[in-house]
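Enquirer: So in the UniProt record's numbering, the last one in the sequence shown is 496, and the numbering has no gaps at all.
We put the CB at the ideal spot given by N, CA and C, even for glycine.
These numbers were taken from a predicted model, which means no experiment stands behind them.
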Amino acid sequence: MIVAWLAARTLWQWLLIALGCGAVMALGQAPVDMPVPMLIAFLVSFEFYRGAARAGRAGLVGFAIGFAYFVLSLSWLTEPFQIDADRHAWMAPFALAGMSALLAAFWGLAFSLARRLRAGVLGLAVLWPLAELARGYLFTGFPWGMLPQGLLDTPAAQALAWVGPYGMMLVLCAGAAVLVQLMDRPLLVLPPAALALASVLWPMSLPAPELTPHVVRLVQPNAPQQEKFDPEKLPVFMNRLLNATAAEPRPDLLVWPETAVPYLLEYAQPVFDQIAISARGAPVVLGIQRRDEDWYYNSLVVVDGNAQVTDIYDKYHLVPFGEYMPLSDLASSIGLRGLAEAVGGYGRGPGPRMVDLGDLGQALPLICYEAVFAQDVGAAPVRPAFLIQITNDAWFGQHAGPQQHLAQARMRAIEQGLPLARAANTGISAMIGPRGQVLDSLPLGVAGHVDAVLPAALPPTLYARTGDLPLLVLLLLGGSVLLARRISIDAPRRHP
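Quick look at the structure:
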């Protein structure tokens, strides 16, 4: 019925309805957090695909759905351009539209290729997750705003521990493919539809996590980005950090946000002396910038009770254009090293590594954007006791960006079965349990600290053991079967 109705619509009507479909899908993302409209619109997108007779129209519709979805989901991308609005605000709509179009192209390609292979909704159920996998890995990846993120506060989110975010996307696509195939048979479609609704509407009751004896203090100075490095404001924010650190009772570990110390590491010893006095012997994890003979680095360091740096981690998954210029390595290799350094921003760290926190065990550090990538967290050299994320979400404003960033940190906790301690400059700082529940937190836009008991880790999850490789192999095999089927159908036509 829906397919027949769509067939009678003009191309412009198709595009308008597709844009509306994508906009409704975006309602699943924070801060709206409405998974049911998201899932209904997702189901409708499969009906759109069924109604597209040609690959070109299917690709255009998939692109339109994706474009509207990403424009609304990623509206926070305009926030960094407001920090120095007089110089940069004009670029904000172009950045948002450009990024949304780039990400939507992955969806459009999946829709078009599935139709070109004449694979039906089964083909889209294989190729859409494959497109999302490509979006998360290619060109350094940008998996922000995946549809499974919209299910985070539902019982279905616990499936992340088994199949990860891309596996959940495959489950969603497979379920939608089944439902649209049964759409004209109410007696058959009702049971799986009811099961799907129950998986997102059933009241979520997670068991309380087992707790360790250790208390972690998360410190949130609330330094607005436009004031963060203002010389007149530096003492204000540093005093907030030190006063929160010195507050009673003494915790076992303190975590400060990304670039909390506004000096280079080589000049920061006087600050470390003050930190050690305030911390009264407890180790402090904090963000700072450092440099060597070649590059500056966005780093995390551990300062012990003697004001000595005992561990250093350099961020290695950098933000393109924000923290480095793509192809800067090529510029260096052809003799343009000065240009590469001028536009390249930070140097890249060697990769995931642990920091040793004594009695609390080893932790895997994540700086800001690194918590977006499930594959980075899964690349830890050994299993950590917990995850630490330090971030400066002041760049993202006070609305969707910080809330979506927190949601992704919660996803990483579920996927790995590990607690995550998160310190954010302007919020949201939180202790996250190994099933993704927020146990203690500080809201956006406030200065202060929260003392949270560190939960114990769960046993390694299936996804922690396997990562994305089995799913990639499965999707590639599925794509190969679809291609072979198309070739076998076309062969008799070429050779009558």
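1. Tell me, which residues are paired with R250 by DSSP?
2. Can you give the Cα-Cα distance for G98 and Y69, rounded to whole angstroms?
3. How long is the line joining the alpha carbons of R240 and V303, rounded to whole angstroms?
4. Can you give me the Cβ contacts of F111 inside the same chain, cut-off strictly under 7 Å, excluding the 5 residues immediately before and after it?
5. So the beta strand (DSSP E) R217 belongs to, where does it begin and stop?
6. Please state whether DSSP places L234 in a helix, a strand or coil.
7. Measuring only the C-alpha atoms, how far is M38 from L442?
8. Are the Cβ atoms of G347 and Y267 separated by less than 8 Å?
9. Quick check: the region 452-468 against the region 409-429, are there 3 or more CB pairs under 8 Å?
10. DSSP beta-bridge partners for L286?
11. If V450 and L218 are in contact, beta carbons under 8 Å, what's the gap, nearest whole angstrom?
12. L43 and M34: beta carbons closer than 8 Å?
13. Taking 8 Å as the limit between beta carbons, can you name the residues of its chain near L96, skipping five residues before and five after?
14. Can you tell me which residues form a DSSP beta bridge with R422?
15. In the structure shown, what three-state DSSP assignment does R465 receive?
16. Does the contact criterion of 3 or more C-beta pairs under 8 Å hold for the region 381-390 versus the region 143-160?
17. Spatial neighbours of G167 within its chain, please: C-beta separation below 7 Å, excluding the five flanking residues on both sides.
18. What ranges does the alpha helix (DSSP H) occupy inside the region 137-207, keeping only unbroken runs of at least 4 residues that lie completely in it?
19. On the three-state DSSP scale, how would you describe Q362?
20. My understanding is that G445 touches G427, with C-beta atoms under 8 Å, so please give their C-beta distance in whole angstroms.
21. What does the Cβ neighbour count give for T259, buried or exposed, with the cut at 16 atoms within 10 Å?
22. By Cβ distance below 7 Å, which residues in the same chain neighbour R250 in space, the five residues on each side in sequence not counted?
23. So, helix, strand or coil for V319, using DSSP?
24. Going by the CB atoms, is the gap between A177 and L122 shorter than 8 Å?
25. Report the residue from W12, S45, V32 and Q13 whose alpha carbon sits nearest the alpha carbon of C21.
26. State the DSSP-derived secondary structure class of A58, mapped to helix, strand or coil.
27. Name the DSSP bridge partner or partners of P455?
Expert: Checking against the coordinates, here is how it stands:
1. Position 250 of the sequence shown, counted from the start, is the residue given in the question as residue 250. Its beta-bridge partners do not exist; DSSP assigns none.
2. Translated into the one-based positions of the sequence shown, residue 98 becomes position 98. Translated into the one-based positions of the sequence shown, residue 69 becomes position 69. Rounded to whole angstroms, G98 to Y69 spans 13 Å at the Cα level.
3. Position 240 of the sequence shown, counting from 1, holds the residue named residue 240. Position 303 of the sequence shown, counting from 1, holds the residue named residue 303. Between R240 and V303, the C-alpha separation is close to 18 Å.
4. As a working mapping, residue 111 is identified with position 111 in the sequence shown. Apart from the 5 residues on each side of it in sequence, F111 sits with its Cβ closer than 7 Å to the Cβ of Y49, A58, G59, V61, G62 and L124 in its chain, given in chain order.
5. Along the sequence shown, one-based indexing puts residue 217 at 217. Where R217 is concerned, the enclosing beta strand (DSSP E) stretches over L211 to Q220.
6. By one-based count along the sequence shown, residue 234 stands at place 234. The answer is helix: DSSP assigns L234 an H, G or I state.
7. As a first step, residue 38 must be located in the sequence shown, where it is residue number 38. As a first step, residue 442 must be located in the sequence shown, where it is residue number 442. Looking at the two C-alpha atoms, the distance is approximately 28 Å.
8. Numbered from its first residue, the sequence shown carries residue 347 at position 347. Numbered from its first residue, the sequence shown carries residue 267 at position 267. Not a contact, by the Cβ cut-off of 8 Å.
9. yes
10. As a first step, residue 286 is located in the sequence shown; it is residue number 286 there, counting from the start. L286 is bridged to V301.
11. For this step, residue 450 is matched to residue 450 along the sequence shown. For this step, residue 218 is matched to residue 218 along the sequence shown. Confirmed, about 5 Å.
12. Position 43 of the sequence shown, counted from the first residue, corresponds to residue 43. Position 34 of the sequence shown, counted from the first residue, corresponds to residue 34. Contact flag unset, no.
13. Counting from 1 along the sequence shown, the entry for residue 96 is found at position 96. Cβ neighbours of L96 beyond the five flanking positions: V71, L74, S75, L77 and T78.
14. Taking the first residue of the sequence shown as 1, we reach residue 422 at position 422. In the DSSP output, where bridge partners are listed per residue, R422 has Q389 and A430.
15. As a first step, residue 465 must be located in the sequence shown, where it is residue number 465. In this structure, R465 counts as helix in the three-state DSSP scheme.
16. Segments in contact, no.
17. Here residue 167 refers to the residue found at position 167 of the sequence shown. Closer than 7 Å at the Cβ level, and outside the excluded window around G167, lie L471.
18. 160-181 and 186-201
19. Within the sequence shown, numbered from 1, the residue matching residue 362 stands at position 362. Strand.
20. Your numbering for residue 445 matches position 445 in the sequence shown. Your numbering for residue 427 matches position 427 in the sequence shown. Going by Cβ atoms, the distance from G445 to G427 rounds to 6 Å, so yes, they are a contact pair.
21. As a working note, residue 259 is residue 259 in the sequence shown. Buried.
22. Locating residue 250 in the sequence shown gives position 250, counting from the first residue. Here the set comprises R280 and A282.
23. Stepping through the sequence shown from its first residue, residue 319 is reached at position 319. In the structure shown, V319 sits in coil (DSSP, three-state: anything other than H, G, I, E or B).
24. Locating residue 122 in the sequence shown gives position 122, where the first residue counts as 1. Locating residue 177 in the sequence shown gives position 177, where the first residue counts as 1. Yes, these two residues count as a Cβ contact at 8 Å.
25. Looking up residue 21 in the sequence shown gives position 21. Answer by Cα proximity: S45.
26. Sequence index remark: in the sequence shown, residue 58 carries index 58 (1-based). Helix at A58.
27. Locating residue 455 in the sequence shown gives position 455, counting from the first residue. For P455, which the question treats as bridged, DSSP gives the partners L211.
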